[in-house]
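Report on the following structure.
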Amino acid sequence: LESASSVSVAADASAVWTLKAVASEGSLGLLERVVTVTHDSIISQNLTLEFDVQEQASLSLRGPLDGRIVVQSGNEASVMLTIENDGTSNITLDTFTIAGLPGGVNALLPDVDGYLIEAGATYNVSFNVSASAATSARTDALS
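Heads up, the sequence shown is in the numbering used here, so the first residue is -6 and it goes up one at a time.
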């Protein structure tokens, strides 16, 4: 209960309790739970509540352990990115976008349009970065 569990209710009146439900991991679909209301430890009333636990979409993206991609001027570097579907519903990827690349640096991600990642599954992709010979050393953040 999110509200007080003990309230006084006058005759011919009503009271409202707020009940918060948290579904356990792996629970999906319609679930029934019985709630019991007791008056003075004598009279009990059972109420069956139906909860509809919905799927939830959630992705996480992991790159190199140290969070860095190192590429030298005039060369290419490749790192593995892991996409994990840590939600409870299957997810179809549309596209990747990259923001924050400095001038002279290009990045290439594979085409993931229409790729299905099932709930709990991971997908590894190769992330290729190249720097032109004219690129000077610097540190930039990508998103």
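Where a beta carbon is used, it is the ideal one built from N, C-alpha and C, also for glycine. From a predicted model like this one, the values you see are computed outputs, not experimental measurements.
Residues that residue i bridges to, as DSSP identifies them
{"i": "residue 83", "result": "Residue 83 pairs with nothing; no bridge assigned."}
{"i": "residue 50", "result": "Note: residue 50 sits in no beta bridge, so no partner."}
{"i": "residue 111", "result": "Answer by DSSP bridge pairing: none, since residue 111 is not bridged."}
Residue i classed as buried or exposed, judged by whether at least 16 other C-beta atoms fall within 10 angstroms
{"i": "residue 35", "result": "exposed"}
{"i": "residue 39", "result": "exposed"}
{"i": "residue 98", "result": "buried"}
{"i": "residue 14", "result": "exposed"}
Beta-carbon proximity of residue i to residue j, cut-off 8 Å
{"i": "residue 82", "j": "residue 43", "result": "no"}
{"i": "residue 118", "j": "residue 94", "result": "no"}
{"i": "residue 115", "j": "residue 77", "result": "yes"}
{"i": "residue 100", "j": "residue 68", "result": "no"}
{"i": "residue 109", "j": "residue 85", "result": "yes"}
Residue from the options whose Cα sits closest to the Cα of residue i
{"i": "residue 112", "options": "21, 80 and 28", "result": "80"}
{"i": "residue 60", "options": "105, 74 and 52", "result": "74"}
Residue i beta carbon near the ligand GDP (any heavy atom closer than 7 Å)
{"i": "residue 3", "result": "Judged by which ligands are present, the structure shown has none, so any question about the ligand GDP falls away."}
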